[in-house]
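Novice: In the numbering used here, the protein residues as written are 15 to 275.
Glycine included, each C-beta is placed from N, C-alpha and C at the ideal position.
Values in this document were obtained by computation on a predicted structure and should not be read as measured data.
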Amino acid sequence: MLGKFWKALMAQVNKLANFFWQADPIAQMQLEYDNAVEQLKDGRVGLEQYRALVERVTRQVKLDERRTEDLTAQVKAYLKIEDRTTAGKFAIELKRAQAELDENRQQLNLHETSYQNHLTKIQAATRRLSEVQTRIRRYDAEIKMSTAEAEMAKLAQSFNFDVSTDFGELENIIQNRIDTNRAKVRVASDLSSQGIAEIEAERRKEEAEAEGLLQQFEVDMGLKTPETSNVQQQEKSLGQAESSAAQQEDALKEIEKQLGA
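(1) Compute the minimum distance between the beta carbon of residue 238 and the heavy atoms of the ligand ATP, and state whether it is under 7 Å.
(2) According to DSSP, is residue 159 part of a helix, a strand, or is it coil?
(3) Going by C-alpha distance, which of 66, 63, 109 and 99 is nearest residue 85?
(4) Would residue 92 and residue 100 be called neighbours here (beta carbons separated by less than 8 Å)?
(5) Short of 8 Å in beta carbon distance, which residues of its chain neighbour residue 89, apart from the five on each side in sequence? Order them along the chain.
(6) Please confirm whether residue 71 and residue 121 have their CB atoms less than 8 Å apart.
(7) State the Cα-Cα distance for the pair residue 158 and residue 145, rounded to the nearest angstrom.
(8) Since I believe residue 68 is in contact with residue 118 (beta carbons under 8 Å), could you give me their beta-carbon distance rounded to a whole number of angstroms?
(9) Would you please state the rounded distance, in angstroms, between the beta carbons of residue 54 and residue 132? I believe it to be under 8 Å.
(10) Tell whether a beta-carbon distance below 8 Å holds between residue 41 and residue 143.
(11) Grab the span of the alpha helix (DSSP H) containing residue 95 for me, first residue to last.
(12) From residue 238 to residue 222, what does the alpha carbon distance come to, in whole angstroms?
(13) Can you tell me whether DSSP reads residue 109 as helix, strand or coil?
(14) Assuming residue 136 and residue 47 make a contact with CB atoms under 8 Å, what is their CB distance in whole Å?
(15) Expressed to the nearest angstrom, what Euclidean distance is found between the alpha-carbon atoms of residue 185 and residue 160?
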């Protein structure tokens with residue numbers, strides 16, 4: 015009875031799980047990825063602990079090697095002084111030490127090989143998880159893009175953006191306002207040129223006054239004679255007068271043209 019109830023309950027749970035998988039598969043993929051990452055973290059902790067065991071066995075092998083070397087030296091030393099009894103005792107210890115060293119070396123090889131195998135598996139799992147994460151991001155982007163395209167397709171079928179529609183009329187109103195604003199900017203730009211001729215005339219007048227002061231300064235300092243300075247001043251004044259009259263005429267024509275427009 016309980017067995018049937020459990021099977022029915024598990025069937026309902028599977029249906030519910032399938033519903034959520036279909037509703038948001040990207041979220042389910044991300045959940046599976048997160049679970050795999052947590053398992054990988056646990057595996058890394060276990061690998062670190064196993065590496066500590068390998069290091070302990072390595073240290074024991076080094077100690078056994080040094081002990082074997084010391085016992086070998088003791089045996090040789092007592093044989094040189096012909097103390098065979100003591101040399102024999104050290105020889106027995108040396109044999110035991112060599113046996114322990116061989117056993118520890120075998121264990122070290124086994125542990126080192128096992129560690130490398132686990133390390134290779136974890137590295138491969140890490141690479142696969144990185145690839146899965148990349149695929150999740152790509153699928154997520156593709157789903158969002160395809161969803162947006164589908165929505166745009168629906169909008170294109172539902173609305174007709176023609177001039178005769180309300181949207182078209184609003185577009186015409188907006189365009190008319192844009193044209194009006196541009197016309198105001200053009201008129202302001204045209205009117206901004208008024209008064210430029212007067213400003214230029216004032217600038218030339220100031221330059222002429224400055225030149226006159228400089229020539230007077232040169233005469234006072236003895237750099238030029240008054241006669242030379244007056245000739246140059248008359249020539250320059252004549253040229254400035256002709257230029258000023260022509261520029262004034264041009265300015266008057268420009269103002270008359272603007273007033274006529």
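Specialist: The answer reads as follows:
(1) As far as ligands go, the structure on display features none, and thus does not contain the ligand ATP.
(2) Correct three-state label for residue 159: helix.
(3) With distances taken between Cα atoms, residue 85 lies closest to 109.
(4) It is a contact, given that the beta carbons lie within the stated cut-off.
(5) Cβ within range, chain order: 101, 104, 105 and 108.
(6) With contacts defined as CB atoms closer than 8 Å, residue 71 and residue 121 qualify as a contacting pair.
(7) If I take the Cα positions, the gap works out to 20 Å.
(8) In fact, because the Cβ distance is near 12 Å, the residues do not count as touching under 8 Å.
(9) That pair is no contact at about 12 Å.
(10) Their beta carbons are not under 8 Å apart, which means residue 41 does not touch residue 143 by this criterion.
(11) Here residue 95 belongs to no alpha helix (DSSP H), and DSSP marks it neither H nor E.
(12) Taking the straight line from one Cα to the other gives about 18 Å.
(13) Note: residue 109 maps to helix in three-state DSSP.
(14) Between residue 47 and residue 136 the Cβ distance is about 16 Å, and since that is not below 8 Å, they are no contact.
(15) Going by the C-alpha atoms only, they are around 29 Å apart.
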